[in-house]
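J.: Quick one: this structure, given as structure tokens, is what I'll be asking you about.
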Amino acid sequence: MSEEKKTLNFIEQIVEKDLLENKHGGRILTRFPPEPNGYLHIGHAKSIVLNFGLAQKYGGKTNLRFDDTNPTTEDVEYVDSILEDVRWLGYSWNGDAVYASDYFEQLYEFALALIKKGLAYVDDSSAEEIAAMKGTPTEPGIESPFRNRSVEENLDLFERMRTGEFGDGQKVLRAKVDMAAPNMHLRDPLMYRIKKARHHRTGDKWNIYPMYDFAHGQSDSIEQITHSICTLEFEVHRPLYEWFIQKLEIFPSRQIEFARLNLSYTIMSKRRLLKLVEGKYVSGWDDPRMPTISGLRRRGYTPESIRNFADRIGIARRENVIDVSLLEFSVREHLNKIAKRVMVVMDPIKMVITNYPAGQNELLDSVNNPEDDQSGSRQLIFSNTLYIERDDFMVEPQKGFYRLGPGLSVRLKDAYKVTCENFVLDEATGKVKEIHCLYHPDSKSGQDTSSVNVKATIHWVDVNSAVNMEIRLYDRLFLDEAPDGHKDKDFLEFLNPDSLKVIQGKAEASLKDATTHDHFQFMRMGYFCPDPDSSTEKLIFNRTVTLKDAWQKQKGKN
RNA sequence: UGUCCCAUAGUGUAACUGGCAACACGUCUGAUUUUGGUUCAGAAGAGUCUAGGUUCGAGCCCUAGUGGGACAACCA
Numbered sequence: 016m017s018e019e020k021k022t023l024n025f026i027e028q029i030v031e032k033d034l035l036e037n038k039h040g041g042r043i044l045t046r047f048p049p050e051p052n053g054y055l056h057i058g059h060a061k062s063i064v065l066n067f068g069l070a071q072k073y074g075g076k077t078n079l080r081f082d083d084t085n086p087t088t089e090d091v092e093y094v095d096s097i098l099e100d101v102r103w104l105g106y107s108w109n110g111d112a113v114y115a116s117d118y119f120e121q122l123y124e125f126a127l128a129l130i131k132k133g134l135a136y137v138d139d140s141s142a143e144e145i146a147a148m149k150g151t152p153t154e155p156g157i158e159s160p161f162r163n164r165s166v167e168e169n170l171d172l173f174e175r176m177r178t179g180e181f182g183d184g185q186k187v188l189r190a191k192v193d194m195a196a197p198n199m200h201l202r203d204p205l206m207y208r209i210k211k212a213r214h215h216r217t218g219d220k221w222n223i224y225p226m227y228d229f230a231h232g233q234s235d236s237i238e239q240i241t242h243s244i245c246t247l248e249f250e251v252h253r254p255l256y257e258w259f260i261q262k263l264e265i266f267p268s269r270q271i272e273f274a275r276l277n278l279s280y281t282i283m284s285k286r287r288l289l290k291l292v293e294g295k296y297v298s299g300w301d302d303p304r305m306p307t308i309s310g311l312r313r314r315g316y317t318p319e320s321i322r323n324f325a326d327r328i329g330i331a332r333r334e335n336v337i338d339v340s341l342l343e344f345s346v347r348e349h350l351n352k353i354a355k356r357v358m359v360v361m362d363p364i365k366m367v368i369t370n371y372p373a374g375q376n377e378l379l380d381s382v383n384n385p386e387d388d389q390s391g392s393r394q395l396i397f398s399n400t401l402y403i404e405r406d407d408f409m410v411e412p413q414k415g416f417y418r419l420g421p422g423l424s425v426r427l428k429d430a431y432k433v434t435c436e437n438f439v440l441d442e443a444t445g446k447v448k449e450i451h452c453l454y455h456p457d458s459k460s461g462q463d464t465s466s467v468n469v470k471a472t473i474h475w476v477d478v479n480s481a482v483n484m485e486i487r488l489y490d491r492l493f494l495d496e497a498p499d500g501h502k503d504k505d506f507l508e509f510l511n512p513d514s515l516k517v518i519q520g521k522a523e524a525s526l527k528d529a530t531t532h533d534h535f536q537f538m539r540m541g542y543f544c545p546d547p548d549s550s551t552e553k554l555i556f557n558r559t560v561t562l563k564d565a566w567q568k569q570k571g572k573n
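Sequential numbering from 16 applies to the first sequence in my numbering.
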């Protein structure tokens, strides 16, 4: 509703200019091209929001295309998770999902065309020989002895590569560009390699598979993608991307690069994430500590919060490291609006109200979400025996502590004010075992006529009706701001040993009915959601994120 | 001893060539609050990597330097 005039990022500027010039007849078609060799992470979310968001904004569409040209690392498990994650983020792609492998036949024809033009050749050199002849970024390469085979011979050999006559690595098809080019990618790049591997979609049909450079751009072109947006590391591939399009005389998709997302205290490399999974450092790709979409989902992040995050971080071409606190801000912002407030005591200590009749119960009304008048209210059971949070009581309250201590008073949320008159120590441990309080009958919530002064309101749960709950407290997975930024140290050295703490709490009875897609605010503690492992017999909740805590901060300063 | 990309508050992202460089997060005040949450009000924090140049005028243009990044996988 409130139309803020937002400035355009550089890609939107390009798009608007193209639209103004009526390039492609005003048509906008982007694509999101994951390789199905891992799970999507928050960095991919940035790209998804960019590609789908751009199309939405300018009346275009977005293809979901799997870049599945390397059968040895790819798998349907990944395809399925990617489809689910993109959908969950709230996007619908143009028609059915497509696959680079759908174009293998067409790509093969393109290769033949290049061979016929004398722009591609079959090379018998080994991988090592090719690497040696490539030169280095500072020295030109040298031409392969096979570079000048006849068109007929190339056609024949390439055909036989396809039929499986040669073994893996015996021959490759290369583009004939320029072995002295300063850009290494122009030094006769490989177009096809022999790989006798079963492909997750084409099975054993192919013995040769195209390389990224000869698949991605051509797929864009086949689909008539107008703006092919990728990350900065592909920038050096752009001249080749354009060379193939030009020589093949096919639809001129335009490649535009932007800087990938880096998050502090997080790793984003698929290879390293895979290592965390395979090394069992986490419970799986969807472990709530993982920066994967599935991990964030299980952690309790909402699609909205991730989209808002992606919008906020912006799009540019310079390397960046986003502070995780911005991601956390984005979830809190959304969850604050939608999460139902409930009371859960995470580290229980018993409170007995000595002047409240034993055995008596009272139902008290509690608003579900003060931020949402549609959310209604529910009833809480109150009695003379409650659990309160151990941290809400101090035997000798320190300066600035507004909660409970001997002689001090607090309000019990939605109930009465109480004053602490006594406490009982556990002889064995020396820890406080029980707190005795007096309640003020005339201080009931909403009809308070007492003049008792309290500085704080604390949460509580009735002992008899409370339900047990396993609570998984997640913290950042790494202790270092840039776990993979140390050349001399492995990122695993920075794993946070306390990234997961499992505790047993006491929850109000209403939580028995929670379902997996619910989000809650445990009053004063944070945002939580039921884990998929949770059941009515055994409640298991994950902490999405804590609440901002001014008290923690103040304590840290003292 | 190469080519290309990048350089604005702590972190990100803005700024039609010319009102004291804006916004968000973070930080710090204060108010409100039956969540030490939310909300609200306010503050501090950069003079735009450096040096030249063009211009009446440059964060925006040019040159050089400096710093950071990318590029030599039969990965994408």
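Every residue gets a Cβ at the ideal spot worked out from N, C-alpha and C, and that includes glycine.
1) What's the C-alpha gap between G299 and E293?
2) Out of I43, A128, D505, state which residue places its alpha-carbon closest to the alpha-carbon of L291.
3) Tell me which residues share the same chain as V251 and place their Cβ nearer than 8 Å to its Cβ, disregarding the 5 neighbours each side in the sequence.
4) What's the gap between the Cα of E10 and the Cα of T241?
5) Could you spell out where the alpha helix (DSSP H) holding I237 opens and where it closes?
6) With H349 as the anchor, note down where its alpha helix (DSSP H) starts and where it stops.
7) Hey, G63 and F47 are a contact pair by Cβ (cut 8 Å); roughly how many whole angstroms apart?
8) With DSSP as the reference, label G541 as helix, strand or coil.
9) Taking W258 as part of the alpha helix (DSSP H), name the residues at either end of that continuous run.
10) Which of the three DSSP states, helix, strand or coil, is assigned to W221?
11) Just mark K570 as buried or exposed, buried being the case when its beta carbon has 16 or more other beta carbons within 10 Å.
12) I'd like to know whether the C-beta atoms of F249 and A331 end up nearer to each other than 9 Å.
13) In the region 35-93, which residue ranges form an unbroken alpha helix (DSSP H) of at least 4 residues, counting only runs that do not cross its ends?
14) Go ahead and pull the three-state DSSP assignment for D407.
15) Identify which residue in G133, P160, A147 has its Cα closest to the Cα of L170.
16) I'd like the span of the beta strand (DSSP E) that includes V382, first residue to last.
17) Beta-carbon within less than 8 Å of D576's beta-carbon, same chain only, minus the 5 sequence neighbours each way: which residues are those?
18) Considering just the uninterrupted stretch of the alpha helix (DSSP H) at A325, what are its terminal residues?
19) Hey, out of R202, K502, S398, R312, whose CA is closest to P152's CA?
20) Which one of P363, R275, R393, L104 has the shortest CA to CA distance from P318?
21) Go ahead and pull the three-state DSSP assignment for E18.
22) Between which two residues does the beta strand (DSSP E) holding E485 run?
23) Output the boundary residues of the beta strand (DSSP E) element that contains T14.
24) Based on the DSSP secondary-structure assignment, which residues constitute the bridge partners of K414?
25) When you compare the CB positions of G218 and F259, do they come within less than 9 Å of one another, or not?
26) Who are the Cβ neighbours of R253 in its own chain at under 7 Å, not counting the five residues just before and after it?
27) I need the straight-line Cα distance from S279 to S340, nearest angstrom please.
28) H215 by DSSP, collapsed to three states: which one?
29) Which word fits A147, buried or exposed, when buried means at least 16 other C-beta atoms lie within 10 angstroms of its C-beta?
30) Ordered along the chain, which non-local residues of its own chain (more than five positions away) have a Cβ less than 6 Å from that of R80?
31) Which same chain residues end up closer than 8 Å to F408 when comparing Cβ atoms and leaving out the 5 residues on each side of it in sequence?
32) Given this structure, state the Cα-to-Cα distance separating D546 from F509, to the nearest angstrom.
T.: For this structure:
1) In this model, G299 and E293 are separated by some 8 Å (Cα to Cα).
2) D505
3) N198, M199, H200
4) This structure cannot settle anything about residue 10, because the visible part of the chain is limited to 16 through 573.
5) It spans 231-237 - the alpha helix (DSSP H) in which I237 sits, taken as one unbroken run.
6) 339-353
7) First, the residue type needs correcting, since residue 63 is Ile and not Gly in the sequence shown. I63 to F47, Cβ: 5 Å. Contact.
8) Three-state DSSP puts G541 in a strand.
9) 253-263
10) coil
11) Exposed.
12) no
13) 57-72
14) helix
15) G133
16) 377-382
17) Not covered by the structure: residue 576. The range shown for the chain is 16 to 573.
18) A325 -> alpha helix (DSSP H) spans 318-328.
19) R202
20) L104
21) Caution is warranted here: a pLDDT of 39 is assigned to E18, below 50, making its placement in the model unreliable, and the coordinate value is therefore given only provisionally. The answer is coil: DSSP assigns E18 none of H, G, I, E or B.
22) 482-489
23) Absent from the structure is residue 14, since the part of the chain shown begins at 16 and ends at 573.
24) BP columns for K414 are empty, so no partner.
25) no
26) Q270
27) For the pair S279 and S340, the Cα-to-Cα distance works out to about 9 Å.
28) coil
29) Burial call: exposed.
30) For R80, same chain residues with a beta-carbon under 6 Å away, outside a window of 5 residues either side, are R46, P48, V113 in chain order.
31) Within the same chain, F408 has close Cβ partners I364, R418, L419, G420, C435, F438, V447, I450.
32) 26 Å
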